[in-house]
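Some notes on the structure that comes next.
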Ligand SMILES: [Ca+2]
Ligand SMILES: [Ca+2]
Ligand SMILES: [Ca+2]
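In the working numbering, the protein residues as written are 20 to 310.
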């Protein structure tokens with residue numbers, strides 16, 4: 020009796036006309052041998068199509084398809100990949116790890132009178148450290164990346180603290196900023212004793228140095244330099260050191276720290292140091308992004 024009910028139950032949802040099969044539809048498309056409808060009740064309840072899920076490569080290899088099985092489809096659970104059999108090998112159609120979501124901008128600090136939204140909070144600003152002009156060297160290049168102001172130091176140190184941010188909803192953070200090395204004379208610029216250090220904190224108390232930029236042989240460059248100093252957060256306290264190799268196109272115009280662990284009380288510092296009146300570090304457009 021139970022089997023009889025099951026048979027009639029299936030007959031309500033599976034329609035066969037000649038060799039065509041409809042699941043959840045009584046009118047499979049004339050072009051389809053098999054049509055699986057997304058609903059079985061007129062559109063109130065939707066469902067998906069589930070390809071055969073195979074747990075791992077060893078299990079998949081037990082399928083042992085031949086050349087004539089080309090087009091066979093499976094979902095390989097261990098790698099999260101939809102795969103098809105080419106007749107010779109299994110190829111990935113798409114894997115879950117291929118699908119990346121764009122990062123979310125948590126805040127920008129542009130050092131302007133009118134901030135961009137969302138604004139990245141900053142403390143430690145000394146208004147005499149805004150740079151609003153151009154050059155002098157490299158000549159004619161602006162002392163800012165955005166609008167009319169950058170922030171920097173000549174002959175001394177300055178340290179800005181950014182945050183705090185509650186970034187606990189994200190898995191990882193990225194910090195980016197633009198960097199220029201200007202000079203007041205044509206033969207001066209940043210050297211290996213002049214540094215820009217980015218350090219991060221997950222509690223607002225202890226900061227760990229992650230990336231350190233150094234000048235080289237009086238190097239100077241503007242914000243039009245696109246060379247990127249990039250590092251992964253290590254948390255070790257031994258910062259990744261990146262040194263310019265010369266002037267202009269050999270400078271480091273962008274700094275990016277990736278894979279930073281998040282926290283509910285995240286902050287970071289940028290410390291600028293040089294030791295001659297003619298040496299000028301300037302930063303602009305500091306951003307934090309969440310992944
Ligand atoms: Ca700016
Ligand atoms: Ca110098
Ligand atoms: Ca120096």
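Beta carbons are placed, not taken as given, at the ideal position from N, Cα and C, and that holds for glycine.
{"query": "Count the other CB atoms, across all protein chains shown, that sit within 10 Å of the CB of residue 125; report buried if there are 16 or more and exposed otherwise.", "result": "buried"}
{"query": "Per DSSP, residue 277 is paired with what?", "result": "251"}
{"query": "What number of angstroms, rounded off, separates the C-alpha of residue 132 from the C-alpha of residue 166?", "result": "10 Å"}
{"query": "For ligand 3, is there any heavy atom lying closer than 7 Å to the beta carbon of residue 75?", "result": "no"}
{"query": "Does the beta-carbon of residue 209, which I'm using as the reference point, lie nearer than 7 Å to any heavy atom of ligand 2?", "result": "yes"}
{"query": "Where does residue 29 land, buried or exposed, given buried means 16+ other C-beta within 10 angstroms?", "result": "Reliability fails at residue 29, whose pLDDT of 45 lies under 50, so the model's placement of it is uncertain and the value that follows must be treated cautiously. Exposed, since its Cβ has fewer than 16 Cβ neighbours within 10 Å."}
{"query": "Alpha carbon to alpha carbon, how far is residue 71 from residue 279?", "result": "38 Å"}
{"query": "Taking 8 Å as the cut-off, decide whether the C-beta atoms of residue 56 and residue 180 are in contact.", "result": "no"}
{"query": "Could you please give me the residues that DSSP links to residue 121 through a beta bridge?", "result": "BP columns for residue 121 are empty, so no partner."}
{"query": "Rounded to whole angstroms, what's the CA-CA distance from residue 86 to residue 248? Just pull it up for me.", "result": "49 Å"}
{"query": "Going straight from the alpha carbon of residue 242 to that of residue 213, what length do you get?", "result": "18 Å"}
{"query": "Does the beta-carbon distance from residue 305 to residue 191 come in below 8 Å?", "result": "no"}
{"query": "Helix, strand or coil for residue 238, going by three-state DSSP, please let me know.", "result": "strand"}
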